[in-house]
Amino acid sequence: MKTIYQTAWENSMSYNDYLRLIDEMIAQNRSTGHEQNDMLTDFTKLNRTRMNRLDKTQKLFPEVTEAVKKVSEKQIWLILTESWCGDAAQNIPVLKKIADENPLIDFRLVLRDDNDDLMQKYLTNGGRSIPKLIAVSEGMEKELFVWGPRPQEAIELIHGLKEQYGGITDEVKTALQVWYNKDKGVSVQKEMIELLSRL
9 MKTIYQTAWE
19 NSMSYNDYLR
29 LIDEMIAQNR
39 STGHEQNDML
49 TDFTKLNRTR
59 MNRLDKTQKL
69 FPEVTEAVKK
79 VSEKQIWLIL
89 TESWCGDAAQ
99 NIPVLKKIAD
109 ENPLIDFRLV
119 LRDDNDDLMQ
129 KYLTNGGRSI
139 PKLIAVSEGM
149 EKELFVWGPR
159 PQEAIELIHG
169 LKEQYGGITD
179 EVKTALQVWY
189 NKDKGVSVQK
199 EMIELLSRL
């Protein structure tokens, strides 16, 4: 019997295929995911621009490069995502650069709405928050570590702002993007160093 990881892997795509899919969605004025509306389409367009910028400009710490190069057995990194997700656009390019430092890591994107079994196993406080990185062994029988949906500092920021504004308002979304712009991928790299060092 297949594990949920194997099923998700069979439904997964490479980073370049994911970018191509996003471009196709934008050309059709759509987003990935089961829900479709103008707001999600606009977020998809904005996120594609963010990802393009990060792909070109994101730098890695020597410490994260060193940590990922110590991985000595094949791993599969399954990342639950959708094109409209701002946290995904900010973190996936950084995670991809980290994975690229070691050919033993198979970096695969999995659409959340098409892979509900995997998403249900990795809920965040009962919610279907993304992105969610699930690192599994080559045989896909064992979970190695999980990261997501955003760096801890950003989680704490959002928690405080949600209490202040009574939910995820435009002010909260703006504050989160300002945080990401200032952070420049530092927090996700630090957290990945910690996770990789435990393997």
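All residue numbers for the sequence shown refer to the numbering used here, where the first residue is 9 and numbers rise by one.
Glycine included, every Cβ here is placed at the ideal spot set by N, Cα and C.
Owing to the predicted nature of the structure, the values given are computational and were not obtained by experimental measurement.
Boundaries (first-last residue) of the alpha helix (DSSP H) holding residue i
{"i": "Leu54", "result": "Asp46 to Thr65"}
Residues near residue i in its chain [Cβ-Cβ closer than 6 Å; skip 5 each side]
{"i": "Leu86", "result": "Ala16, Arg116, Val118 and Ile142"}
{"i": "Lys53", "result": "Ile34"}
{"i": "Glu151", "result": "Val144"}
{"i": "Phe51", "result": "Trp92"}
Nearest to residue i (by Cα), restricted to the options the options
{"i": "Ser195", "options": "Ser91, Phe69 and Gly94", "result": "Phe69"}
{"i": "Lys77", "options": "Arg136, Arg206 and Glu109", "result": "Glu109"}
{"i": "Thr11", "options": "Glu74, Thr49 and Lys129", "result": "Lys129"}
{"i": "Trp187", "options": "Met200, Ile166 and Glu199", "result": "Ile166"}
{"i": "Asn60", "options": "Asn123, Gln172, Asn24 and Lys82", "result": "Asn24"}
{"i": "Lys140", "options": "Glu146, Glu151, Gly134 and Trp155", "result": "Trp155"}
{"i": "Gln66", "options": "Leu27, Asn19, Leu48 and Lys190", "result": "Lys190"}
{"i": "Leu204", "options": "Ala75, Thr182, Tyr26 and Arg28", "result": "Ala75"}
{"i": "Gln160", "options": "Thr132, Thr182 and Arg136", "result": "Thr132"}
{"i": "Leu184", "options": "Glu32, Gly168 and Asp31", "result": "Gly168"}
Neighbourhood of residue i by C-beta, 8 Å cutoff - its chain only, sequence neighbours within 5 removed
{"i": "Glu90", "result": "Ser39, Thr40, Gly41, Ala96, Leu119, Arg120, Asp121 and Ile138"}
{"i": "Leu112", "result": "Val79, Ser80, Glu81, Lys82 and Gln83"}
{"i": "Ile176", "result": "Ile166 and Lys170"}
Span separating the alpha-carbon of residue i from that of residue j
{"i": "Ala162", "j": "Lys105", "result": "21 Å"}
{"i": "Ile100", "j": "Trp92", "result": "13 Å"}
{"i": "Val180", "j": "Thr49", "result": "20 Å"}
{"i": "Phe153", "j": "Ile201", "result": "12 Å"}
Contact belief for residue i with residue j at Cβ below 8 Å, rounded distance in angstroms
{"i": "Met127", "j": "Tyr13", "result": "Contact doesn't hold; Cβ gap of about 13 Å is too wide."}
{"i": "Gln98", "j": "Arg56", "result": "Contact flag wrong, Cβ pair sits at about 13 Å."}
Segment limits, beta strand (DSSP E) that includes residue i
{"i": "Ser145", "result": "Lys140 to Ser145"}
{"i": "Arg116", "result": "Ile113 to Leu119"}
{"i": "Thr89", "result": "Gln83 to Thr89"}
{"i": "Val154", "result": "Glu151 to Trp155"}
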